[in-house]
Structure formats: structure tokens, C-alpha cells
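A.B. asks: Residue numbers (this note's numbering), protein chains in the order written: chain D, 8 to 289; chain F, 8 to 289. Just so it is clear, CB atoms sit at the ideal spot from N, CA and C, and this is done for glycine as well. My structure is below; once you've seen it, I'll send some questions.
Number of protein chains: 2
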Amino acid sequence: MGMDAAVLINGRSEDRVDAADRGFQYGDGVFTTLPVLSGRPIFLSLHLARLERDCARLRIPFPGVSLLQAEVRQLCRMQGEGVLKIQITRGCGDRGYRPPAEPNPTRVIRLSAGIPTRPGLPGQGATIRFCQHRLGSNPALAGVKHLNRLEQVMARAEWESDAVHEGLMSDGAGALIEGTMSNLFAVIAGCLVTPDLSHCGVAGVMRSVVLATACADGIAVEVRPLHPDELELATEVFLTNSVVRIWPVVALENRTWSVGPLTQALSRRIEAQIQAESRGET
Amino acid sequence: MGMDAAVLINGRSEDRVDAADRGFQYGDGVFTTLPVLSGRPIFLSLHLARLERDCARLRIPFPGVSLLQAEVRQLCRMQGEGVLKIQITRGCGDRGYRPPAEPNPTRVIRLSAGIPTRPGLPGQGATIRFCQHRLGSNPALAGVKHLNRLEQVMARAEWESDAVHEGLMSDGAGALIEGTMSNLFAVIAGCLVTPDLSHCGVAGVMRSVVLATACADGIAVEVRPLHPDELELATEVFLTNSVVRIWPVVALENRTWSVGPLTQALSRRIEAQIQAESRGET
């Protein structure tokens, strides 16, 4: 990091935080990640809305949309393309888990240069695997993009080959939930299915954009528990996150798919929305 | 923090860490907390052994016993009494969950002045409650004192009254696991029972000292699932952590206990071990 990243911490250009910050002590905070294209942060309003919702879930005071917007714009003026990460923690506190009565949240906004290429795209898509590491069930934290991400770290450590692009994680009962850094969609019997995230998982912004787009286009959508065996029946599988957008899956262990018509149609629709965002037309 | 704490980060006297540290990004690290009495860190060797074991669980390179011992001693020379916290993270990395191939761990050692008083002691003990917030099940992380502590933060936020000293947390199935910052013991039918931590919870150093002491003294011990209803049958209940040691429970919701004979006997034995540690006799 460093050379190719610009960082604002509480509005100041610096890159260090107090070691007593509850983000460092307990992972007591939330974050979001989004691409910046042509100087414009893509779907920023959705990301800020999600941050605000997640802060409310953890009862962290939200710094406010206009303050975060201003700081994001400041970074985007310095660097017009890259990956933006916004992190909000409960700030410093006394020793112990008890949240301070009047927390003073820390906000860290980092714009890293360059957009990671999507492996295999265009045309080929992602090769993925199943992870052994399971997601713990916790309805009170489910859906929140918080800073307790050891499960994802452990799952991502399960493979080293660059030929495998993502791993799927299941809950303790074996139901599929998501990828380590992406949400999961499958087309089964003509219906777009994505796992229910009411007891674990991260409700990604791109997942919500895909769901909204599919509904607007009259595509049948089901948000429900999804068993690994069901992927045998899937005619299309794709992953989503805000940086890679729609990421077609072409191989999972011994099963292969081509990039299907629904994946292509949704991808065109999403890319059009992103193009409009990057031209400032929204 | 700050004024009444001395901090060493990677051996240097400073109090800030890189915001790109994986401890701050993902809670990707471990920690331990212990008291310093008469300039001596109590049960330091057990805490370092636990840190080494926990680092191995997360595949974080352990900085080594002798290095940590030297830095701890350096702080204890500056301040002879207080609470010592040792934190080890996977250090900085590139964007993304994937652990760096050659991590450069960060170690933060903080000695805070003063030992917190144990509410209600001596004689009266702790008044506790049940927490609503559940612990997620995750055998791969169970027992590890890692930096993903949002569950404890959420549980500790459930009450504000200083008259309640600790809260008990259950797993998703309703079995008791631990307090937000302590382990749980109950005497049931003459047997010392503490919850099994194979799918969630933190295996505290003081818990292991109590278990070893009880076994050495011929006390019957059971490490097994413990249901809240069973506390109705308990003749004694106590909590443990490295700072408060053995902490008798005198009230839980509508149930009350006096400080029983087994609690007193174990407490005397543990205090004797701590006195020996603080005189450097071990």
C-alpha cells in the first residue's frame, strides 16, 4: 500500500490510526468498497446508504452522507480511477468491550490506484471452488459488511493457485451463502436464485442492484436457502461484487457452464447503469 | 487512553498503526490480557503459549517468546502495576482477504495503569444477567482469542447499569458458553462444570488454570454443553478471567447464591499461585 493509494483519515491526509481504535481492537466497525471510473465513484449513494444502515445495526453514529461525499470527491479529484474503500469504526474507547457512551467514530477513506482485472473476462468467466471453512450463524450481524472478517480470511487462505478465482462458503448446515468476496446467483428452472442472508453473509450493494434490475425486467427472483447440490441443476451461475460487477462462473470443481443468456442480459443492463454513473448522468 | 498507558508497537514506543494493517482491516489477529503485579506479568508464560497456539490456528507467524518477553519486561520496568494487553496481527497486506505469502506481523503491547476493581469483592461477588445476543458457531475459530469481537461488543451493549457486572452468552442452540469477558463455571451435584468451547467461545488462560488446579486437587470436572436451566441446580457459580481471576456470582436474574466452599477453596489456591508469580517464585 502507500505509494499507489491516497488516504484520508477523519478528513486529514494521513495513513495511520490510533492502536486503541476499536476497529483495531475488536473489528468494531463497517466498510464498503466501490470502483471509481472517470473520476466518479460508482453507485456511491447506494454504498453510503448501506454504510448508514450498517452503522445503525451496530449503533455506531453515522458521520453523514454529505461529509463522506465531500471527502470521497476530494480523493477522486486527486486520482480518477481506482478502488475506493470507506471504513467507519466506533473510534477509540476505554479498555473493554463496552461501547463508549459518546463514541467519536473514525472514518478512513482509501483510494487505491487501478481496477483489478476480472480473471477470464471477457468471455471466459471465473473458475471457482468450494471452501471448507464455514460461516457462523449470527442473525444480529447477518448482512452487515462489518470488520470481523476472519472467516473470509481463513476461507481465502484455502487455495493459492491463481487459476482458481473465488471460493464458495456455506453455513454450518451446509447451505451455500456467498463467495469470500462476492455474492452468488444461480439460474435454476428459469428462476434467478440467490441465497437468503438472514443468518449470515454480507448483503452486497451489487447484489441489491442485480436483484432490483432483475425485478424491474420481470425476471423471476427467489431469495432463499440454496443447497450446493442445486448448482448441478443450475443452467447459469454468476458472482457479484461492486468492483467485478457480474462475474460469470464457468467452472466449479467438476461442473462447467458457458456464459448464459440471463447472465449476459443482466450484465449488459448493469454495465449500462455503470456507464451512466461514470458519465455523471445519474 | 494515552496518558495512563505505555505502548510498544513492534518494539518502538508509539501508539499508532498503519490503517492498512489487517488487524484494522479485518480483525485479522489475536490478543491476550493479563495483570502486572509488583512489576511481574502474572502467568506470562501461559499467555505467550496461548498466543503462539492462537497464531498457529490463524497461520500468523509467531514473533517468538523471547522477543515478547523482553518487550513485556521493558514495559513492566516503566510501570509496575496495571493491565497488559498483547496484540499480534498479520500485519499489512495488499487489498483483499488473501493473506500475504510472507506476512510481517504487527505486535502491539500496551500496559494500562491500574487494576480494575472487582465489583462486589471481597465477599459480595458479581451480579450478572443473560444476554440476548448469541455467539455464532465456528469450530475453526472456536477457543481462539482473536480480534473479531463484535459479538462481545453487541452483547456488552445490552445493559448500561453498573449494578450488573457481566452478561452470559449462549450459542445459537441456547447452550451457555461464557460471559462477554469471562469464562463460566458452575458446581452441579458436587462436580465443577464449565461449557465445552469446541464450536464457539474463548478458551481463557484463567479457565485453564482453574481446570488444572481443580484436577490437581482431585475435584471432579466436566467440560460439556451447559444449559441455562442447569444453573437452577447449581450450588455455586463463578466466572474467570485473567484480571479478575475467580469472580463469584451472587445473582443471576432472579436466582441468588452465596460464595460457596469450592469457589473459596479454588480462589485461595489461585491467589496463592498469583502471589508466588508476583514474588517471582515461579
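Determine the chain C residues that contact residue 111 of chain D at a beta-carbon separation under 7 Å, and present them in chain order.
C.D. replies: This model lacks chain C altogether, as its protein chains are D and F.
A.B. asks: Can you tell me the Cβ-Cβ gap for residue 212 of chain F and residue 54 of chain F, rounded? I've got them flagged as a contact below 8 Å.
C.D. replies: About 6 Å; that satisfies the 8 Å criterion.
A.B. asks: Suppose only complete runs of 3+ residues qualify. What are the beta strand (DSSP E) ranges in the segment 58-118 of chain D, listed by chain order?
C.D. replies: Listed in chain order, the complete beta strand (DSSP E) runs (minimum 3 residues) inside the segment 58-118 of chain D are 89-96.
A.B. asks: Output yes or no for whether 9 Å exceeds the beta carbon distance between residue 30 of chain F and residue 96 of chain F.
C.D. replies: Yes, these two residues count as a Cβ contact at 9 Å.
A.B. asks: On a Cα-Cα basis, can you pick out the residue from F:263, F:254, F:239, F:158 that is closest to residue 245 of chain F?
C.D. replies: Taking only the C-alpha atoms, the option nearest residue 245 of chain F is F:254.
A.B. asks: Would you list the one or two residues that DSSP bridges to residue 192 of chain F?
C.D. replies: Bridge partners of residue 192 of chain F: F:245.
A.B. asks: In terms of residue numbering, what span does the alpha helix (DSSP H) encompassing residue 212 of chain F cover?
C.D. replies: Residue 212 of chain F -> alpha helix (DSSP H) spans 212-223.
A.B. asks: Taking contact to mean 3 or more Cβ pairs, one atom from each stretch, closer than 8 Å, check whether the segment 40-50 of chain F and the segment 132-140 of chain F are in contact.
C.D. replies: No contact exists between the segment 40-50 of chain F and the segment 132-140 of chain F.
A.B. asks: Give a yes or no on whether the C-beta atoms belonging to residue 193 of chain D and residue 148 of chain D are separated by under 9 Å.
C.D. replies: In this structure, residue 148 of chain D does not lie closer than 9 Å to residue 193 of chain D by Cβ.
A.B. asks: From the DSSP secondary-structure annotation, give me the bridge partner or partners of residue 274 of chain F.
C.D. replies: Looking at the DSSP assignment, residue 274 of chain F forms no beta bridge with any residue, so it has no partner.
A.B. asks: Taking the alpha-carbon of residue 235 of chain F as reference, which of F:180, F:84, F:197, F:223 has the nearest alpha-carbon?
C.D. replies: Minimum Cα distance to residue 235 of chain F is reached at F:180.
A.B. asks: In whole angstroms, give me the CA-to-CA distance for residue 226 of chain F and residue 198 of chain F.
C.D. replies: Taking the straight line from one Cα to the other gives about 7 Å.
A.B. asks: Please state if the CB of residue 154 of chain D and the CB of residue 32 of chain F are separated by a distance shorter than 9 Å.
C.D. replies: Yes. Within cutoff.
A.B. asks: What residue does the alpha helix (DSSP H) around residue 200 of chain D start on, and which one ends it?
C.D. replies: No alpha helix (DSSP H) holds residue 200 of chain D; the beta strand (DSSP E) holding it covers 198-202.
A.B. asks: Go ahead and label residue 7 of chain F buried or exposed: buried means 16 or more other beta carbons lie within 10 angstroms of its beta carbon, across all protein chains shown.
C.D. replies: As shown, chain F starts at 8 and ends at 289. That puts residue 7 of chain F outside it, with no answer to give.
A.B. asks: Are the C-beta atoms of residue 26 of chain D and some chain F residue less than 9 Å apart?
C.D. replies: True, the Cβ-Cβ gap to chain F drops below 9 Å.
A.B. asks: May I ask you to report which of helix, strand or coil DSSP gives residue 153 of chain F?
C.D. replies: Reduced to three states, the DSSP call for residue 153 of chain F is strand.
A.B. asks: Going straight from the alpha carbon of residue 86 of chain D to that of residue 248 of chain F, what length do you get?
C.D. replies: Approximately 49 Å, taken between the alpha carbons.
A.B. asks: Is any beta-carbon of chain D found at less than 9 Å from that of residue 127 of chain F?
C.D. replies: Caution is warranted here: a pLDDT of 48 is assigned to residue 127 of chain F, below 50, making its placement in the model unreliable, and the coordinate value is therefore given only provisionally. Not an interface residue.
A.B. asks: From residue 208 of chain F to residue 12 of chain D, what does the alpha carbon distance come to, in whole angstroms?
C.D. replies: Rounded to whole angstroms, residue 208 of chain F to residue 12 of chain D spans 37 Å at the Cα level.
A.B. asks: Helix or strand or just coil, what does DSSP make of residue 237 of chain F?
C.D. replies: In the structure shown, residue 237 of chain F sits in a helix (DSSP, three-state: H, G or I).
A.B. asks: Between residue 187 of chain F and chain D, is there a C-beta pair that is closer than 9 Å?
C.D. replies: Yes, because at least one Cβ of chain D sits closer than 9 Å to the Cβ of residue 187 of chain F.
A.B. asks: Near residue 270 of chain D, which residues of its chain fall below 7 Å by C-beta distance, leaving aside the five closest residues on each side in sequence?
C.D. replies: The answer, listed in chain order, is 243, 245, 253, 255.
A.B. asks: Leaving out five residues on either side along the sequence, give the residues of the same chain with a beta carbon under 8 Å from the beta carbon of residue 367 of chain F.
C.D. replies: Residue coverage of chain F in this structure runs from 8 to 289, which leaves residue 367 of chain F outside it and unanswerable.
A.B. asks: Of the residues D:157, D:150, D:152, which one's Cα is nearest the Cα of residue 338 of chain D?
C.D. replies: The structure shown does not extend to residue 338 of chain D, since chain D is modelled only from 8 to 289, so the question has no answer here.
A.B. asks: In this structure, what does DSSP give as the bridge partners for residue 317 of chain F?
C.D. replies: Chain F is shown from 8 up to 289; residue 317 of chain F falls before or after that span and cannot be answered.
A.B. asks: Does the beta-carbon distance from residue 285 of chain F to residue 49 of chain F come in below 9 Å?
C.D. replies: Yes, Cβ-Cβ distance for residue 285 of chain F and residue 49 of chain F is below 9 Å.
A.B. asks: Which word fits residue 282 of chain F, buried or exposed, when buried means at least 16 other C-beta atoms lie within 10 angstroms of its C-beta?
C.D. replies: Result: exposed.
A.B. asks: So, using beta-carbon positions, are residue 103 of chain D and residue 27 of chain D closer together than 9 Å?
C.D. replies: No. Outside cutoff.
A.B. asks: If we cut at 9 Å on Cβ distances, does residue 161 of chain D have a partner in chain F?
C.D. replies: Interface residue, yes.
A.B. asks: Note down the Cα distance separating residue 206 of chain F from residue 177 of chain F, rounded to an integer number of angstroms.
C.D. replies: Taking the straight line from one Cα to the other gives about 12 Å.
A.B. asks: DSSP on residue 231 of chain D, reduced to helix/strand/coil?
C.D. replies: Three-state result, residue 231 of chain D: strand.
A.B. asks: Report back the beta-carbon spacing between residue 222 of chain D and residue 230 of chain D to the nearest angstrom; my notes put them in contact at under 8 Å.
C.D. replies: Not a contact, Cβ separation roughly 11 Å.
A.B. asks: Would you say residue 42 of chain F lies against chain D (beta-carbon separation less than 9 Å)?
C.D. replies: Not closer than 9 Å to any Cβ of chain D, the Cβ of residue 42 of chain F fails to qualify, so no.
A.B. asks: Got a sec: which bits of the segment 44-68 of chain D sit with their beta carbon under 8 Å from any beta carbon on chain F, in order along the chain?
C.D. replies: Here the close residues are 65, 66.
A.B. asks: Per DSSP, what kind of secondary structure is residue 50 of chain D in: helix, strand or coil?
C.D. replies: The answer is coil: DSSP assigns residue 50 of chain D none of H, G, I, E or B.
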